[in-house]
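Quick note: the sequence shown uses my numbering, first residue 6, plus one each step. Glycine residues also receive a C-beta, built at the ideal position from the N, C-alpha and C atoms. Encoded as structure tokens, the structure appears first; notes follow it.
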Amino acid sequence: MRNFLLILFTMFSSAVCAADYQCVKTDNGAKLVKDGTVIWEQVVKTPEGKPYIHPVTLPNGHVISDLRPKDHPWHTGLWFSWKFINGVNYWEPSNGKTEVVSWNADIDGLSAAVTMKLRYFDDREADVTLLTEERVVVFSAPDEKGNYTISFKHHFTAGDADLTFDCTPLSIPWGGYAGLSLRMNRSVRDFRLTCENGGETKKTIRAKPASWCDFRDEKSGQGVR
Numbered sequence: 006m007r008n009f010l011l012i013l014f015t016m017f018s019s020a021v022c023a024a025d026y027q028c029v030k031t032d033n034g035a036k037l038v039k040d041g042t043v044i045w046e047q048v049v050k051t052p053e054g055k056p057y058i059h060p061v062t063l064p065n066g067h068v069i070s071d072l073r074p075k076d077h078p079w080h081t082g083l084w085f086s087w088k089f090i091n092g093v094n095y096w097e098p099s100n101g102k103t104e105v106v107s108w109n110a111d112i113d114g115l116s117a118a119v120t121m122k123l124r125y126f127d128d129r130e131a132d133v134t135l136l137t138e139e140r141v142v143v144f145s146a147p148d149e150k151g152n153y154t155i156s157f158k159h160h161f162t163a164g165d166a167d168l169t170f171d172c173t174p175l176s177i178p179w180g181g182y183a184g185l186s187l188r189m190n191r192s193v194r195d196f197r198l199t200c201e202n203g204g205e206t207k208k209t210i211r212a213k214p215a216s217w218c219d220f221r222d223e224k225s226g227q228g229v230r
């Protein structure tokens, strides 16, 4: 099985922002720093085995991501995770494991591309790789307003066994989740959510597919799409 997945996040601002930026490779990924404050950081090797991005910061310095909150400590900022593969849970701590095999970060001015190779396995048969992945996460350089994008490309290849991917059923109010997720902190509770399909509530947004959602602070005009 081969599959490609491309997802794009955009942080946007309505205010011009002049700042001193630095984009650097770290011992465990890459990060963008503005006047000493981390705007985003890609962390590759993690206790959960799943790479994540935290913080995720708006151009005005507002951090919107949350890392390992008490209610769901397996939520790690902006991250990717399957839910079930062949009935085994890869989302919460369980037998399903994600492992980074190798990685590299290429820095070009204020932009970065982080390339990773991962494998997925059941820890009861840790020597059997069920699925491999090649992932590229590209961070654009911030523009004159501080806006930037994060794009994800995933290439999956199954091993010798057939694989079935599943998630909690959509019929359950909290169901349907898997893949790329952004856990936000409580500071965004007053942000407004809109969607390509016209929905503005969880129920109406989930009613039909859409290619984008927009989540912004109407006071500052800043947010994420």
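Around the C-beta of residue i, are 16 or more other C-beta atoms found within 10 angstroms, so that it is buried, or is it exposed?
| i | result |
| --- | --- |
| R27 | One detail in the question is off: residue 27 reads as Gln in this sequence, not Arg. Exposed, because fewer than 16 other Cβ atoms sit within 10 Å of the Cβ of Q27. |
| G226 | exposed |
| L175 | exposed |
| P178 | exposed |
| R7 | Unreliable positioning characterises R7 in this predicted model, as indicated by a pLDDT of 43, which lies under 50. A coordinate reading is not provided. |
| L185 | exposed |
| Y182 | exposed |
| P52 | exposed |
| R216 | Per the sequence shown, the amino acid found at residue 216 is Ser instead of Arg. Classification for S216: exposed. |
| S192 | exposed |
| A35 | buried |
| K103 | Rather than Lys, the amino acid found at residue 103 in this sequence is Thr. Flag for T103 reads buried. |
| S99 | exposed |
| H77 | exposed |
| T206 | exposed |
| V142 | buried |
| A23 | The pLDDT assigned to A23 is 44, lower than 50, so where the model puts this residue is not dependable, and the model offers no usable value. |
| E223 | exposed |
| K39 | buried |
| E46 | buried |
| P214 | exposed |
| A212 | exposed |
| I81 | Sequence inspection shows Thr at residue 81; the Ile mentioned does not correspond to that position. Per the 10 Å Cβ criterion, buried. |
| V68 | buried |
Roughly how many whole angstroms lie between the Cα atoms of residue i and residue j?
| i | j | result |
| --- | --- | --- |
| L72 | D32 | 20 Å |
| I112 | S145 | 10 Å |
| G66 | N91 | 41 Å |
| G151 | A166 | 46 Å |
| I44 | N190 | 16 Å |
| K88 | G41 | 37 Å |
| G180 | P74 | 20 Å |
| H159 | E139 | 6 Å |
| D171 | D25 | 45 Å |
| I58 | R221 | 19 Å |
| L10 | F157 | Confidence at L10 is low in this model, with a pLDDT of 45, below 50, so its placement is unreliable and the value that follows should be read with caution. Cα to Cα, L10 sits roughly 7 Å from F157. |
If you follow the beta strand (DSSP E) that residue i is in, where does it begin and where does it stop?
| i | result |
| --- | --- |
| K39 | 34–39 |
| T31 | 26–31 |
| T154 | 153–163 |
| I112 | 101–113 |
| L177 | Residue identity check: residue 177 is Ile in the sequence provided, not Leu. Run containing I177: none; DSSP gives neither H nor E here. |
| H59 | 57–61 |
| S86 | 83–86 |
| V141 | 136–144 |
| T199 | 197–200 |
| R221 | 218–221 |
Residue i lies in the alpha helix (DSSP H); which residues open and close that run?
| i | result |
| --- | --- |
| T120 | No alpha helix (DSSP H) contains T120, which is instead part of the beta strand (DSSP E) from 116–127. |
| I44 | Taken as a continuous stretch (DSSP letters only), I44 belongs to no alpha helix (DSSP H), being part of the beta strand (DSSP E) at 42–48. |
| I210 | 207–210 |
Taking the Cβ atom as the reference point for each residue, do residue i and residue j lie within a distance shorter than 9 Å?
| i | j | result |
| --- | --- | --- |
| D132 | G101 | no |
| W96 | S86 | yes |
| L135 | A163 | yes |
| G228 | L63 | yes |
Measure the beta-carbon distance from residue i to residue j and round it to whole angstroms, keeping in mind my assumption that it falls under 8 Å.
| i | j | result |
| --- | --- | --- |
| P60 | V49 | P60 to V49, Cβ: 16 Å. No contact. |
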